[in-house]
Amino acid sequence: MRLFAKFILILALFCASLPIFAQEETPAPPIDPEGEFTEVYTLENITINYPTGLFVSDSQSQITIDFDGTSTDYITIAPPAAFDLFEIPNDTLQVASQNIFNTFSGGLGADVTYDDIVTETTLAGLDATYFMLEANGAKIYVYIFAVGEEIFAATLITQEVAISADAIGDYETVADFEVALMVKIIETMTVDGEPIAQEVSAEATDIAPVTEFETRLVPADVVELGQEVAFVDAGLTFSIPAEWVVDDVQMIVATSDVALASMSSGETPTTQDEIVIQIISPNRMPELPLDKITAENVLQVLLESYPDATKYQYQDTTFPTYYVPLVGDNVPLGAFLIVTQLSENPADVLVVIGLTLDYDTAEPTLFSILNTVVYTPPVGE
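Going by numbering that gives the first Met the number 0, the first residue of the sequence shown is number 0, and it counts up by one from there.
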């Protein structure tokens with residue numbers, strides 16, 4: 000059985016290892032769980048309404064509702080198709096609840112039993128179960144509910160940072176506010192055009208088409224590299240210019256200590272010639288919510304917070320390679336992603352997150368480095 004956590008929990012833990020670009024504080028959106036939900040989102044036969052100010056997308060047969068676009072606090076709605084995709088037994092509400100609880104509690108090492116924390120309740124007037132866990136500084140709230148004979152799950156994963164404490168009104172905590180909003184969104188849901196709760200209904204809307212790739216060519220210039228780097232735990236070895244600096248803990252390499260600090264702080268590089276990259280090994284890719292790991296699938300998951308990003312595919316590489324400049328209100332200038340396949344195995348996907356103010360100039364250095372990468376899978380893979 001594939002882990003249910005792969006498509007609800009692990010993405011947040013994986014992304015927590017990436018540089019946090021959203022450093023500047025921005026005013027909390029005026030979201031009112033008791034107010035009017037004017038926005039509409041449809042995934043196949045399921046439609047929800049939600050208030051303005053949230054970031055909604057879908058992937059792997061699930062709807063994700065992000066409070067601030069940074070995946071610190073977000074809601075996931077998993078319909079029956081998601082259970083099928085990830086082979087989660089869901090014959091009955093109790094069976095689905097037991098399997099979801101086992102996956103979360105087992106993955107987190109929680110010292111609790113099903114009977115300890117899973118309770119029967121109702122959601123949108125429907126039979127449901129509920130539990131809450133805490134791990135890695137986050138709180139996880141899970142509802143499993145039955146719509147007729149079909150089983151759904153709604154999960155809130157929150158670090159309680161996306162909403163200001165001043166904006167939660169009469170709610171005691173940010174988490175309470177976000178749970179209330181999740182419940183209200185579920186109450187707006189329709190399936191096959193029929194509301195699951197009698198109080199509300201919603202109209203369908205079209206899903207935005209997938210953005211096509213633009214093309215790019217690998218630079219012809221080759222840069223001399225004089226320093227060998229080994230990230231042993233990641234199974235990676237590669238070469239970088241002799242004068243570059245290395246952070247073995249975060250697996251970051253950079254042109255200088257100043258450039259290295261810009262990645263750690265999420266700030267724009269100070270000069271045009273600075274380059275800094277963080278490298279995510281193929282051995283981390285199974286943590287992503289993917290049934291099949293490929294370079295394109297990994298890219299699509301990582302770009303869920305950047306739906307308007309322009310995506311480039313290099314046309315003259317042996318294996319699929321993609322480049323995406325990242326642009327956003329709280330993203331430093333020069334942020335980018337490179338996702339590439341390293342070998343004949345499509346699952347050997349390497350992710351590079353970087354900062355440089357002049358990507359065109361940095362590109363020959365970046366590809367000279369990438370061309371030296373050797374990945375050794377852990378024993379047993």
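The C-beta atom is built at its ideal place from N, Cα and C for all residues, glycine as well.
Note down, in chain order, each residue of its chain lying with its Cβ closer than 6 angstroms to the Cβ of residue i, except the 5 sequence neighbours on either side.
i: Val222; result: Pro363, Thr364, Ser367
i: Asn89; result: Phe82, Ala95, Ile150
i: Val373; result: Thr236
i: Asp57; result: Leu42
i: Ala137; result: Ile156, Gln158
i: Met188; result: Ile47, Ile195
i: Ala109; result: Leu132
i: Pro78; result: Ile45, Phe151
i: Ala174; result: Lys138, Thr157, Glu159
i: Gly68; result: Phe54, Ser304
i: Ile279; result: Val350
Give me the Cα-Cα distance between residue i and residue j, rounded to the nearest whole angstrom.
i: Ala294; j: Glu86; result: 23 angstroms
i: Gly192; j: Thr46; result: 8 angstroms
i: Val257; j: Leu155; result: 37 angstroms
i: Pro95; j: Ile239; result: A quick correction: the sequence has Ala, not Pro, at residue 95. C-alpha separation (whole angstroms): 49 angstroms.
i: Ser163; j: Leu180; result: 15 angstroms
i: Thr157; j: Tyr140; result: 9 angstroms
i: Thr41; j: Asp31; result: 21 angstroms
i: Ile99; j: Phe230; result: 34 angstroms
i: Pro281; j: Leu224; result: 23 angstroms
i: Gln312; j: Pro319; result: 7 angstroms
i: Thr75; j: Tyr142; result: 10 angstroms
i: Asn101; j: Pro288; result: 18 angstroms
i: Asp290; j: Val351; result: 22 angstroms
i: Val326; j: Ala308; result: 7 angstroms
i: Tyr113; j: Ala134; result: 17 angstroms
i: Thr317; j: Pro377; result: 24 angstroms
i: Phe176; j: Ala334; result: 32 angstroms
i: Asp65; j: Ile167; result: 17 angstroms
i: Leu302; j: Thr91; result: 34 angstroms
i: Ser60; j: Ala152; result: 12 angstroms
i: Glu186; j: Asn329; result: 32 angstroms
i: Gln93; j: Leu341; result: 43 angstroms
i: Pro331; j: Thr121; result: 44 angstroms
i: Leu259; j: Tyr358; result: 17 angstroms
i: Glu227; j: Tyr170; result: 54 angstroms
i: Pro324; j: Val178; result: 34 angstroms
i: Val300; j: Gly52; result: 21 angstroms
Assuming residue i and residue j are in contact, meaning their beta carbons sit under 8 angstroms apart, how far apart are those beta carbons, in whole angstroms?
i: Val275; j: Ser261; result: 6 angstroms
i: Val160; j: Thr63; result: Their Cβ separation, rounded to whole angstroms, is 17 angstroms, which puts Val160 and Thr63 out of contact at 8 angstroms.
i: Ala196; j: Ala123; result: 4 angstroms
i: Ser255; j: Val245; result: Not confirmed; about 12 angstroms, so no contact.
i: Asn370; j: Val190; result: Going by Cβ atoms, the distance from Asn370 to Val190 rounds to 50 angstroms, so no, they are not a contact pair.
i: Thr355; j: Glu273; result: 6 angstroms
i: Asp126; j: Phe144; result: 7 angstroms
i: Thr375; j: Gly147; result: Contact flag wrong, Cβ pair sits at about 50 angstroms.
If you drop the 5 nearest sequence neighbours on each side, which residues of the same chain put their C-beta closer than 7 angstroms to that of residue i?
i: Met284; result: Ile292, Val297, Ala346, Val348
i: Glu119; result: Thr128
i: Leu107; result: Leu132, Ala134
i: Tyr73; result: Thr63, Ile64, Asp65, Phe66, Ile156
i: Thr210; result: Unreliable positioning characterises Thr210 in this predicted model, as indicated by a pLDDT of 49, which lies under 50. The coordinate reading is nonetheless provided below. These residues qualify, in order along the chain: Lys310.
i: Pro217; result: One detail in the question is off: residue 217 reads as Val in this sequence, not Pro. Around Val217: Tyr313, Asp315, Thr316, Phe366.
i: Gln97; result: Tyr113
DSSP has residue i in a bridge; who is on the other side?
i: Asn48; result: Val39
i: Tyr386; result: Because the chain is modelled from 0 through 380, residue 386 falls outside the range shown and cannot be assessed.
i: Phe237; result: Val228
i: Phe54; result: Asp65
i: Thr189; result: Thr46, Pro194
i: Glu211; result: For Glu211, which the question treats as bridged, DSSP gives no partner whatsoever.
i: Gly353; result: Ile276, Phe335
i: Leu155; result: Ile74, Tyr140
i: Val244; result: Ala253
i: Tyr374; result: Leu235
i: Val348; result: Gln340
For residue i, collect the residues of the same chain with a Cβ closer than 8 angstroms to its Cβ; drop the 5 residues on either side in sequence, then sort them by chain order.
i: Val111; result: Ser104, Leu132
i: Lys183; result: Pro32, Glu33, Phe36
i: Tyr321; result: Phe212, Ala294, Glu295, Leu298, Lys310, Tyr311, Gln312, Tyr313, Leu336, Ile337, Val338, Thr339
i: Gln277; result: Leu17, Pro18, Gln249, Met250, Ile251, Met262, Val351, Ile352, Gly353
i: Asn344; result: none
i: Arg385; result: Any question about residue 385 goes unanswered here, given that the chain covers just 0 to 380.
i: Asp247; result: Phe230
i: Thr360; result: Gln271, Asp272
i: Ala80; result: Glu43, Ser60
For chain D, find out if any of its Cβ atoms is closer than 9 angstroms to the Cβ of residue i; answer yes or no.
i: Ile185; result: Any reference to chain D falls outside this structure, which holds one protein chain only.
Between residue i and the ligand ATP, is the CB less than 8 angstroms from at least one heavy atom?
i: Ala346; result: What this structure holds is no ligand at all, so the ligand ATP is not there to describe.
Q | Inside the region 72-149 only - beta strand (DSSP E) runs reaching at least 3 residues | A | 73-77, 118-122, 125-134, 137-146
Q) What runs of the alpha helix (DSSP H), each 4 residues or longer, lie entirely inside the region 246-300? A) 256-264, all fully within the region 246-300.
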